[in-house]
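Residue numbers (the numbering used here): 56 to 472.
Structure (structure tokens):
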């Protein structure tokens with residue numbers, strides 16, 4: 056039997072940017088010269104896709120959108136991803152870890168991300184979502200769409216890192232232009248992905264590897280990723296505090312039951328410094344947290360120390376939620392607190408979906424890979440299915456695939472209820 060090459064022993068990491076926000080973030084990662092990662096851009100907008108720096112581009116929903124975009128309609132984004140699910144499967148297969156990055160609230164990013172996450176999970180890859188939520192000035196409708204589809208995505212990835220754009224006001228100057236603000240958003244997404252991927256791809260003195268990352272992040276639900284730096288006498292403590300107190304993230308480290316952290320410094324990095332950084336992180340976490348740590352010696356750091364922290368398990372247990380269908384209000388978790396305008400917007404979204412469903416009843420399926428049940432189904436049940444984003448338990452046991460099974464991946468097979 057031939058020996059495997061060294062390259063085959065490294066974890067294969069892929070980053071897929073979905074929609075405008077996701078593609079912009081991928082461009083930022085490529086320009087930052089992230090190493091050891093394959094980049095993919097997915098969009099319904101042909102013109103926007105041409106501007107992507109990603110070596111692998113996938114245009115989805117051609118028959119549905121004719122390359123003109125999703126028009127801020129997440130239902131269109133969802134069906135576009137379903138239409139070209141085979142293309143997505145081929146692009147993602149063989150990956151050990153898949154990052155899904157998108158800006159939620161629009162059409163393609165919101166609608167396609169949960170579909171692509173389901174494909175990634177069916178492939179058996181460790182699947183991590185890194186997303187942003189819109190600024191308040193982008194409107195109530197966009198906010199509601201972001202909340203609904205973020206919840207759907209959370210149910211389909213192993214872990215989800217969420218960055219609310221409004222938090223940028225805590226870290227940028229008051230005179231920052233809107234253009235620069237969105238560039239910061241792109242760079243925050245880059246940091247979220249690179250902070251995790253570097254733990255795997257950069258060798259260390261006390262090394263962290265893919266298995267460590269998988270231990271902490273598999274079926275973990277919400278998570279936080281923080282990076283802090285420090286200089287001077289208390290540099291390690293300052294770096295650790297900055298990492299665990301990031302104002303940009305939707306959750307903080309308090310109560311986390313799974314923690315992965317890495318300390319990077321020059322050749323003068325001291326044992327007591329590493330211990331001090333660990334104590335800062337340990338104090339903020341759950342007393343029974345599973346903590347895995349590593350250290351990297353990088354002479355380019357000179358007097359600086361960098362601490363990277365990944366924290367998960369805020370709900371206390373791994374995800375084991377059964378598959379379910381949710382309504383828009385249930386997904387957002389605001390059944391009783393919606394104001395009148397928000398309820399009107401949700402009702403409008405539901406009406407639009409029903410109208411699209413009625414039109415689709417009169418059309419043939421756009422692709423042999425579009426989702427269809429093998430058994431006849433009533434018109435009412437099809438409308439109900441489109442009203443809610445499908446949710447699958449990411450903690451469910453996966454079947455063992457044989458050689459013949461791989462010819463027809465599970466996400467392409469519809470099971471009759």
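The beta-carbon is built from N, C-alpha and C at its ideal position, and this holds for glycine as well. All figures in this text were calculated on a predicted structure; none of them were measured in a lab.
In this structure, does DSSP put residue 357 in helix, strand or coil?
-> In the chain shown, residue 357 corresponds to position 302, counting from 1. In this structure, residue 357 counts as coil in the three-state DSSP scheme.
beta-carbon residue 361 near the ligand GDP non-hydrogen atom, thresh 6 Å = The ligand GDP is absent from the structure shown, which contains no ligand whatsoever.
Enumerated in chain order, which unbroken segments of the alpha helix (DSSP H) with a length of 4 residues or greater are wholly contained in the region 117-187?
-> 117-120, 129-138, 140-147 and 163-177
Segments assigned alpha helix (DSSP H), at least 4 residues, entirely inside the region 232-304 | 233-256, 265-272 and 290-299
Is residue 121 buried or exposed, if buried means 16 or more other CB atoms sit within 10 Å of its CB?
-> For this step, residue 121 is matched to residue 66 along the chain shown. Per the 10 Å Cβ criterion, exposed.
Take every Cβ of the region 125-137, pair it with every Cβ of the region 217-232, and state whether three or more of those distances are shorter than 8 Å.
-> no
From 302, 357, 313 and 133, pick the residue whose C-alpha is nearest to that of residue 325; which is it?
-> Locating residue 325 in the chain shown gives position 270, where the first residue counts as 1. Looking at the Cα atoms, 357 is the closest of the given residues.
Limits of the beta strand (DSSP E) - the one that residue 93 falls within | The sequence position of residue 93 within the chain shown is 38, counting from 1. Run containing residue 93: 92-98, per the beta strand (DSSP E) assignment.
Is residue 328 buried or exposed, if buried means 16 or more other CB atoms sit within 10 Å of its CB?
-> Against the chain shown, residue 328 aligns to sequence position 273. Buried is the call here.
Three-state class that DSSP yields for residue 337 in the structure shown | Here residue 337 refers to the residue found at position 282 when the chain shown is read from its first residue. Note: residue 337 maps to helix in three-state DSSP.
Could you check the C-alpha separation between residue 287 and residue 250 for me, to the nearest Å?
-> Locating residue 287 in the chain shown gives position 232, where the first residue counts as 1. Locating residue 250 in the chain shown gives position 195, where the first residue counts as 1. So the two alpha carbons sit approximately 23 Å from each other.
Whole-angstrom distance between residue 343 and residue 86, CA atom to CA atom | Mapped onto the chain shown, residue 86 falls at position 31. Mapped onto the chain shown, residue 343 falls at position 288. Going by the C-alpha atoms only, they are around 40 Å apart.
Where does residue 317 sit, in a helix, a strand or coil, going by DSSP?
-> Here residue 317 is taken as the residue at index 262 of the chain shown, counted from 1. It is a strand residue.
Just reading off the beta strand (DSSP E) that residue 351 is part of, what are its end residues?
-> On the chain shown, position 296 is the one that residue 351 refers to. From DSSP, the beta strand (DSSP E) with residue 351 extends over 345-352.
Which of helix, strand or coil DSSP assigns to residue 308 = Taking the chain shown and counting its residues from 1, the one referred to as residue 308 is at position 253. Reduced to three states, the DSSP call for residue 308 is coil.
Drop a sphere of 10 angstroms on the beta-carbon of residue 323, count the other beta-carbons inside from all chains shown, and report buried for 16 or more, exposed for fewer.
-> The residue you call residue 323 lines up with position 268 of the chain shown. By the 10 Å Cβ count, residue 323 comes out exposed.
Whole-angstrom distance between residue 166 and residue 149, CA atom to CA atom = The sequence position of residue 149 within the chain shown is 94, counting from 1. The sequence position of residue 166 within the chain shown is 111, counting from 1. Computed Cα separation, rounded: 24 Å.
Cβ-Cβ separation, residue 84 to residue 245 (assumed contact under 8 Å), whole Å = For the purposes of this step, residue 245 is identified with residue 190 of the chain shown, where counting begins at 1. For the purposes of this step, residue 84 is identified with residue 29 of the chain shown, where counting begins at 1. At roughly 5 Å, the Cβ-Cβ gap stays under 8 Å, so residue 245 and residue 84 are in contact.
Just grab the DSSP bridge partners of residue 69 for me.
-> Here residue 69 refers to the residue found at position 14 when the chain shown is read from its first residue. 93 and 153, per the DSSP bridge assignment.
Could you tell me the distance, in whole angstroms, from the CA atom of residue 303 to the CA atom of residue 96?
-> Translated into positions along the chain shown, residue 303 becomes position 248. Translated into positions along the chain shown, residue 96 becomes position 41. Spanning the two alpha carbons is a distance of roughly 25 Å.
Cβ of residue 162 within 7 Å of Cβ of residue 126?
-> If you number the chain shown from 1, residue 162 lands on position 107. If you number the chain shown from 1, residue 126 lands on position 71. Cβ distance < 7 Å, so residue 162 and residue 126 count as in contact.
Just checking my contact of residue 183 with residue 89 at CB under 8 Å: how many whole Å lie between their CB atoms?
-> If you number the chain shown from 1, residue 183 lands on position 128. If you number the chain shown from 1, residue 89 lands on position 34. Actually they do not touch by this definition, with Cβ atoms about 15 Å apart.
Residue 156 to residue 331 span [Cα, whole Å] | As a first step, residue 156 is located in the chain shown; it is residue number 101 there, counting from the start. As a first step, residue 331 is located in the chain shown; it is residue number 276 there, counting from the start. Straight-line Cα distance between these residues: approximately 33 Å.
Contact belief for residue 151 with residue 180 at Cβ below 8 Å, rounded distance in angstroms = Here residue 151 corresponds to residue number 96 of the chain shown, with the count starting at 1. Here residue 180 corresponds to residue number 125 of the chain shown, with the count starting at 1. Confirmed, Cβ separation roughly 6 Å.
In three-state DSSP terms, what is residue 103?
-> As a working note, residue 103 is residue 48 in the chain shown. In this structure, residue 103 counts as helix in the three-state DSSP scheme.
Run the CB neighbour count on residue 227, radius 10 Å, all protein chains shown included, and call it buried at 16 or more, exposed below.
-> Here residue 227 refers to the residue found at position 172 when the chain shown is read from its first residue. Exposed is the call here.
Taking DSSP as the reference, what is the three-state secondary structure of residue 115?
-> Against the chain shown, residue 115 aligns to sequence position 60. DSSP places residue 115 in coil when its eight states are reduced to three.
Identify the continuous alpha helix (DSSP H) that holds residue 208 and give its terminal residues.
-> Residue 208 sits at position 153 when you count from the first residue of the chain shown. Where residue 208 is concerned, the enclosing alpha helix (DSSP H) stretches over 195-209.
Close Cβ partners of residue 295 (< 7 Å) along its chain, the five nearest in sequence each way excluded = On the chain shown, residue 295 is found 240 positions in, with the first residue counted as 1. Cβ within range, chain order: 283, 332, 335, 336 and 362.
Using the Cα positions of residue 392 and residue 168, report the straight-line distance between them to the nearest angstrom.
-> In the chain shown, counting from the first residue as 1, residue 392 sits at position 337. In the chain shown, counting from the first residue as 1, residue 168 sits at position 113. Per-residue confidence for residue 392 stands at a pLDDT of 35, beneath the threshold of 50, marking its modelled position as unreliable; the derived number appears in the next sentence. Their backbone Cα atoms lie some 27 Å apart in a straight line.
Whole-angstrom distance between residue 207 and residue 385, CA atom to CA atom = Along the chain shown, one-based indexing puts residue 385 at 330. Along the chain shown, one-based indexing puts residue 207 at 152. For residue 385, the pLDDT reaches just 35, beneath the cut-off of 50, and the residue's location in the model is therefore unreliable, although a value from the coordinates is still provided. Going by the C-alpha atoms only, they are around 11 Å apart.
Classify residue 191 as buried or exposed, calling it buried when 16 or more other Cβ atoms lie within 10 Å of its own Cβ.
-> As a position in the chain shown, residue 191 is number 136, starting the count at 1. Exposed.
Smallest Cα separation from residue 224: which of 189, 248 and 196?
-> For the purposes of this step, residue 224 is taken as residue 169 along the chain shown, with counting starting at 1. Ranking the options by Cα distance to residue 224, first place goes to 189.
Please report the Cβ distance between residue 321 and residue 259, rounded to the nearest whole angstrom; I am assuming they are in contact, meaning their Cβ atoms lie under 8 Å.
-> The count along the chain shown starts at 1 and reaches residue 321 at position 266. The count along the chain shown starts at 1 and reaches residue 259 at position 204. Residue 321 to residue 259, Cβ: 13 Å. No contact.
So residue 186 and residue 71 are in contact, right, with Cβ under 8 Å, and what is the actual spacing, rounded?
-> Residue 186 sits at position 131 when you count from the first residue of the chain shown. Residue 71 sits at position 16 when you count from the first residue of the chain shown. In fact, because the Cβ distance is near 12 Å, the residues do not count as touching under 8 Å.
Does the distance from the CB of residue 100 to the CB of residue 124 come in under 7 Å?
-> Sequence index remark: in the chain shown, residue 100 carries index 45 (1-based). Sequence index remark: in the chain shown, residue 124 carries index 69 (1-based). Going by C-beta atoms, residue 100 is nearer than 7 Å to residue 124.
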